[in-house]
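Presented below is the structure to which this report refers.
Residue numbers (the numbering used here): 35 to 652.
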């Protein structure tokens, strides 16, 4: 008997679970937007060297704008490269006025037209405002030699997500999931607003790092409460985990819509944290002044001042009054069984099982959780994730899978401008592909199991990434289609690994600590992905080779993970070793027995006449 049996007795996946999952998943609409925000806030608009007084200098040469146009005048100052396009990072040392009256296609075809001395941009850049009104690139001139700073801002943000995964994982075990979730909402709302007001690139990076920490806290704690099986019965956790991830998919579509409408990175930043402001404010304590006491009470009182108390519950009329239940498992393991019992009774009433309130007593709860409580008396550290053989195998495999999934996902999702179509359209397509991908993953998780689904998603993603290397750059439609498919498989892989990790780690060793440990590699992968994109300057296909190779390796490692389909979750480290270690030992013993039997048949046995029987007799 365990906590899963208690959940079945109070209604399984009932009304409480549906409301609980929905309310905690709503903020996820804007969580994916934070991870992909750099596509728009750090978008690179078309640009070329700024030419001061270009028109007036042309008039001095008797060249009128009415005769040749602004673009033609720029040809006299800026060389042509990459076809009929102005150079982005260089300009002529001296104006080449003869080029102002020459057709641009002729200039691009004959090198001698532009065989003149050039220099880097000395007066800044002029940016095209058609696609973006303002980005951090155009505001702080992160182009040409400073172009790596664009990718660095995303790496720094993912570094914050990494730090948050480590810090909030441990804090959640100590202070509870709900408390840290509320704090993460507050931190995200506050620092997200500070990011929008950042006066310098350095301040922007600092605020983005701290915002990334908050994002990690929300993801870890929100996922732990509804989908990482704290309140979800075993039979429905696959469906719930997959469906709740659709909120992240919708978030990608919302990001594209907001970015298209606003087109200003500061306004977009504010828009994305507005919902989190509302949620964090709904949980702030308010002061309630009780009615003034009667004269008789005043005479009896030693202090005539009104009684003031702090009410830590949200306002009942607040539309964002999300009163999430703390994890009952965590409460029991932290010697708060009475509070855990109140939550279980509340769940029973909401699920239409009021009769279970009388049946489930403190003694019943503690008897169900006895094994976990006894195991929790021991002090566990991060070392315990690697101490025993099965836990070590699980942790190592999960580290590789998390890294490669995140590495390939952000490698594809953070380079949208290379496809030659509207970045807003490609973001919608990249987001929409998650719907069929996750539905396919849901069906596969339920029928093929977690391990096979995880491996297939990674290997298929790798195959598509490798295939895209051999598609000519002129075939942009095919390249985009393959990239969308690859992104779909990596997204499905994320769905699998989030669910898989929560099922593999035991409660007593803490799914939060285990999730933080394993997902650390994912954050490292997401930090490394933008840096790898810079390698395309050396060899255009090199990033794809790196991303695809990593996905293949992770697919192989996924095959070494144990299957968790339709089994009770392990509560202790011993459960993990007994559940999956014995299966391995049994298989090894069976192999040994078969080997001995075959050896005996090969050696043969003498019968009464001295003849041999068995394989040697053939």
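No residue lacks a Cβ here, since even glycine has one placed at the ideal position from N, Cα and C. Note that the coordinates shown come from a computational prediction; the quantities given were computed from them, not determined experimentally.
- Residues 576, 577, 580 of the same chain have their beta carbon placed closer than 8 angstroms to that of residue 569, with the five preceding and five following residues left out of the count.
- Taking the C-beta atoms as reference points, residue 455 is found nearer than 8 angstroms to residue 514.
- Using a Cβ-Cβ distance cut-off of 8 angstroms, the region 75-86 and the region 183-197 are in contact, since at least three pairs of beta carbons, one from each stretch, lie closer than that value.
- In this structure, the alpha-carbon of residue 445 lies about 20 angstroms from that of residue 171.
- Ranked by Cα distance from residue 490, the first of 107, 87, 587 is 587.
- Counting the other Cβ atoms within 10 Å of the Cβ of residue 67 gives 16 or more, which makes it buried.
- Here residue 168 is bridged, per DSSP, to 298.
- In the displayed model, residue 119 falls within a strand according to three-state DSSP.
- Here the C-alpha atom of residue 162 lies approximately 16 angstroms from the C-alpha atom of residue 296.
- In the DSSP assignment, residue 81 falls within the beta strand (DSSP E) that extends over 81-83.
- Secondary structure remark: continuous beta strand (DSSP E) runs of at least 3 residues inside the region 384-443: none found.
- Shown here, residue 608 sits in a helix according to DSSP, grouped into three states.
- For residue 484, the enclosing alpha helix (DSSP H) stretches over residues 484-503.
- Nearest Cα to residue 215 within the set 492, 57, 367: 57.
- Rounded to the nearest whole angstrom, the C-alpha separation of residue 62 and residue 281 is 6 angstroms.
- Bounds of any alpha helix (DSSP H) do not take in residue 152; it lies within the beta strand (DSSP E) bounded by 152-154.
- Close CB contacts of residue 182 within its chain, under the 8 angstroms cut and outside five residues either way in sequence, are with 568 (chain order).
- When DSSP states are grouped into helix, strand and coil, residue 265 belongs to the coil group.
- According to the DSSP secondary-structure assignment, residue 126 is paired through a beta bridge with 152.
- Excluding residues up to 5 positions away in sequence, 460, 510, 513, 514, 517 lie with their Cβ nearer than 8 angstroms to the Cβ of residue 453 in the same chain.
- Proximity to residue 475 across 437, 497, 525 peaks at 525, based on C-alpha coordinates.
- Collapsing the DSSP output to three states places residue 114 in a strand.
- Residue 230 is a Cβ neighbour of residue 303, given a cutoff of 8 angstroms.
- Of the residues assessed, residue 596 falls on the buried side of the cut-off, its CB having 16 or more other CB atoms within 10 angstroms.
- In the DSSP assignment, residue 161 forms a beta bridge with 81.
- Just measuring C-alpha positions, the residue of 286, 292, 266, 196 sitting nearest residue 245 is 196.
- Taking all protein chains shown into account, residue 82 has 16 or more neighbouring C-beta atoms within 10 Å of its C-beta and is therefore buried.
- Residue state for residue 363 is assigned as helix, using DSSP reduced to three classes.
- The beta carbon of residue 519 lies closer than 8 angstroms to those of 467, 498 in the same chain, with the five residues before and after it left out.
- The beta-carbon distance between residue 306 and residue 64, rounded to whole angstroms, is 5 angstroms. This is short enough to meet the 8 angstroms contact definition.
- DSSP, reduced to helix, strand and coil, places residue 600 outside both helices and strands of the structure shown, so it counts as coil.
- Taking 8 angstroms as the upper bound for CB-CB distance, residue 235 and residue 299 are not in contact here, some 12 angstroms apart.
- With a contact defined as Cβ atoms closer than 8 angstroms, residue 500 and residue 559 miss out at about 18 angstroms.
- If the five residues before and after residue 437 are omitted, its C-beta is found closer than 8 angstroms to the C-beta atoms of 555, 556, 558, 559, 584, 588, all from its own chain and listed in chain order.
- Just so you know, the alpha carbons of residue 548 and residue 386 end up roughly 34 angstroms apart.
- Nearest to residue 551 by alpha-carbon distance, out of 371, 128, 418, 208, is 418.
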